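Trainee: Would you mind keeping the following structure in view while I ask a few things?
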Amino acid sequence: MQMQFLEQLTRLQRSGTSFVTATVVSRRAPVSSHLGDRSIVYADGRMEGFVGGSCSRDIVRRQALEALKTGHPRLVLIRPDPGAGFVQADLLHAESAESVVIPMTCASEGAVDIYLEPYVPAPLLLVAGLTPVADAVARQAALMEYDVVRIVTAAEQSDLPSTARSVALRELPDFLAPLSDSRQGRISAVVASQGHYDEPVLEALLGAGVSFVGLLASHRRAQTVRELLELQGLSAEQTASIRSPVGLDLGARTPPEVAVSILAEVIVATRQPLTSTFSTAQVGAAAASARRPDLAEVPTPSVSDAQIAGDGGYPAEGRRPRPGFAFSPVDGEEIEMASAVHFAELNGTTYYFTCANCKRRFLKNPQQFLGQPQEQTP
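UniProt numbering applies: residue 1 is where the sequence shown begins, and numbers increase by one.
Right, here's the structure in full:
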């Protein structure tokens, strides 16, 4: 039984799950629990294991959830008569509580002491980009015991240090999906690709409800990024949550100094109670249309459904892209679909672009580049 309990703790820690262990450390009969009895209390209130009957079980659950909020362990003393010398639990400030005394309401008049120890995973920091500032943020955050994951293109992953955890840009939505529930409120992100793929990263982050999203950009470029995201269906409320220029004003100049200013803002934001004006579900629904389509479902471009010939930036009539490639409707460049970073879907057709600004120009006025109205795909 003890080995099974320890194995479960290991699995939970590896999965990044928050939980509390409850252990009976003292008892006075008659009570149903025994010394060493243990239980796991999850963030949603579920309990595994046994530390007492119905009377003490509900007390342990409530106190465990409080311990999980504060991150501090506590000793819960359940007594039939708390005594005049003890402070009632509901009057004890949770953040400074090392022990609390709870009246036992059951008729047995037994007593039990239960030690609660919360396990909270290291805060997750996503760092997007392969730039000097992104590198400095990742190094400094690791020293601060953050769980750092780099977000780069598949081609850039080989340029990262061998010890770095990373996720390819195309895989980011799938990577974030299972994290939203288990680590919600403890995920921060710093987007520092400096224009290379800021927009697709931000789409995925906002869709996952990441609590802190910072963008390394000037005020002017940040506004351009927000405009593009809104053209793709995100609300102004969502794009307003992007912190840019990210970083406290410390007069930083070098990449390591900029990293310190950015992480200082992350600390200030995440140490305060998190508030949200819209739910994760609402964010995800609004951003769903902006996510990358499955490339297996994207047809090879043809004269009728892709950027082959026409006005406003199309290549000359009759020119066809190579298999697996498409022409940008803005500048006529041939783009490999499998590795494309910037894309948009319009009337059932997926268009690819060389840069975020080309995509923004296209979405603001598609007909300028398409030359004629496109039929809606049934």
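Cβ atoms here follow ideal geometry from the backbone N, Cα and C, with glycine treated the same way. Quantities reported herein were computed from a predicted structural model and do not represent experimental measurements.
Tell me the DSSP secondary structure of Glu156 in three-state form.
Mentor: The answer is coil: DSSP assigns Glu156 none of H, G, I, E or B.
Trainee: On the CB-based measure, 16 or more other CB atoms within 10 Å of its CB, does Met104 come out buried or exposed?
Mentor: Buried.
Trainee: Compare the C-alpha of Arg192 against each of Gln2, Gly233, Pro329, Leu263 and name the closest.
Mentor: As written in the sequence, residue 192 is Ala, which differs from the Arg given in the question. Among Gln2, Gly233, Pro329, Leu263, the Cα nearest to that of Ala192 is on Leu263.
Trainee: If you run the structure through DSSP and keep just helix, strand and coil, what is Gly207?
Mentor: Residue state, collapsed to three classes: helix.
Trainee: Identify the residues that DSSP records as bridge partners of His342: which are they?
Mentor: The partner list for His342 (beta bridge, DSSP) reads Phe353.
Trainee: Helix, strand or coil for Phe325, going by three-state DSSP, please let me know.
Mentor: DSSP places Phe325 in strand when its eight states are reduced to three.
Trainee: Mind listing, in chain order, the continuous beta strand (DSSP E) runs of no fewer than 3 residues lying wholly within the UniProt domain "XdhC Rossmann" (125–266)?
Mentor: Listed in chain order, they are 147–152, 166–168, 187–191, 212–215.
Trainee: Find out if the Cβ-Cβ distance for the pair Glu145, Gly214 is shorter than 8 Å.
Mentor: Cβ atoms of Glu145 and Gly214: not closer than 8 Å.
Trainee: CA-CA distance, Arg221 and Thr70?
Mentor: Straight-line Cα distance between these residues: approximately 39 Å.
Trainee: Give the range of the alpha helix (DSSP H) segment to which Leu68 is assigned.
Mentor: Taken as a continuous stretch (DSSP letters only), the alpha helix (DSSP H) holding Leu68 covers 54–70.
Trainee: Excluding five sequence neighbours on each side, which residues of the same chain lie with their C-beta closer than 8 Å to the C-beta of Gly324?
Mentor: Excluding sequence neighbours, Gly324 sits near Thr300, Glu336, Met337, Ala338.
Trainee: Report the rounded CA-to-CA distance for Leu250 versus Ser261, giving the unit in angstroms.
Mentor: Cα to Cα, the separation comes out at about 6 Å.
Trainee: So, at 6 Å on beta carbons, what are the nonlocal neighbours of Ala142 in its own chain, with the 5 sequence-adjacent residues on each side left out?
Mentor: Correct list, in chain order: Val148.
Trainee: Looking only at its chain, what residues have a beta carbon closer than 6 Å to the beta carbon of Leu125, apart from the 5 residues adjacent to it on each side?
Mentor: Contacts found: Ala141, Tyr146, Val148, Ser188.
Trainee: Do Arg46 and Pro121 count as a contact pair if the criterion is CB distance below 8 Å?
Mentor: No; because the gap between Cβ atoms is not below 8 Å, this pair is not in contact.
Trainee: Does DSSP put residue 415 in a helix, in a strand, or in coil?
Mentor: Nothing about residue 415 can be reported from this structure: the residues present for the chain run from 1 to 378 only.
Trainee: Examine the Cβ distances between the segment 130–138 and the segment 108–115 and report whether three or more of them are shorter than 8 Å.
Mentor: At 8 Å Cβ cutoff, the stretches do not touch.
Trainee: Under a three-way DSSP split, which group does Pro118 fall into?
Mentor: Here Pro118 sits in strand by DSSP.
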